[in-house]
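For reference, the structure discussed in these notes is given below.
Residue numbers (our numbering): 1 to 193.
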């Protein structure tokens, strides 16, 4: 695994030992960041959360591209060791926070994040459950973008969030979401006048 673009382009990352974590393939990460770049324009100054972080590759990619800070949330011990090693290798301690906790036990956010990256275990529905919880806890604001990697046949469906794009890649699928516009009229046939 390597950083694809930005300040640390080409730098190697370590993956967690064992079978508990499935690191996002470089090709999938490249596709995800291409999708995000076309919508965000730039990562400069963004506050990012990398949840179900695994090796931390998604959050570190965002930092390499100019994000100001990334919170990594992971509960697996081997994955936490890999995240910390990758952060140290890139000398990124001042721009990162690591929380050894389940995503399902996160506390309310002080303010919404700009970008939330989620790579939960496939076929568990954990991505949708986590997003619903984050929405209720103030992690997601009107300008927040979310990216979820799931199994190819999984659907991410959360009340209050809008799917902006989906792309299947091999056995996986990338879904980009934003907060639904509370002022938008519900979709449906035009009213008879």
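Backbone N, C-alpha and C define an ideal beta-carbon position, used for all residues, glycine too.
Only a predicted model underlies this, so the values are computations on that prediction, with no experimental measurement involved.
Could you check what DSSP says for residue i in three-state terms: helix, strand or coil?
i	result
residue 151	strand
residue 10	coil
residue 196	In the structure displayed, the chain extends from 1 to 193; residue 196 sits before or after that span and is not available.
residue 3	coil
residue 168	strand
residue 74	strand
residue 100	strand
residue 80	helix
residue 143	strand
residue 90	coil
residue 36	helix
residue 54	coil
How is the alpha helix (DSSP H) around residue i delimited, first residue to last?
i	result
residue 61	57-64
Does the distance from the CB of residue i to the CB of residue j come in under 7 Å?
i	j	result
residue 79	residue 16	yes
residue 166	residue 178	no
residue 151	residue 109	no
residue 118	residue 145	no
residue 67	residue 36	no
residue 83	residue 126	no
Please report the distance separating the alpha-carbon of residue i from that of residue j.
i	j	result
residue 97	residue 71	5 Å
residue 101	residue 75	5 Å
residue 175	residue 91	30 Å
residue 94	residue 63	11 Å
residue 130	residue 59	17 Å
residue 169	residue 28	7 Å
residue 25	residue 149	11 Å
residue 189	residue 140	Annotation note: pLDDT 43 at residue 189 (below 50); position unreliable, no value reported.
residue 51	residue 10	23 Å
residue 171	residue 123	11 Å
residue 132	residue 162	12 Å
residue 12	residue 30	15 Å
residue 173	residue 6	24 Å
residue 33	residue 4	9 Å
residue 65	residue 153	30 Å
residue 104	residue 158	15 Å
residue 181	residue 61	29 Å
Along the chain, where does the beta strand (DSSP E) that runs through residue i open and close?
i	result
residue 44	From DSSP, residue 44 is part of no beta strand (DSSP E); its letter is neither H nor E.
residue 129	Unbroken run through residue 129 is the alpha helix (DSSP H), 126-136; no beta strand (DSSP E).
residue 114	113-118
Determine whether the Cβ of residue i lies closer than 7 Å to any Cβ atom of chain C.
i	result
residue 174	Protein chain content of the structure displayed is limited to a single chain, and chain C is not contained in it.
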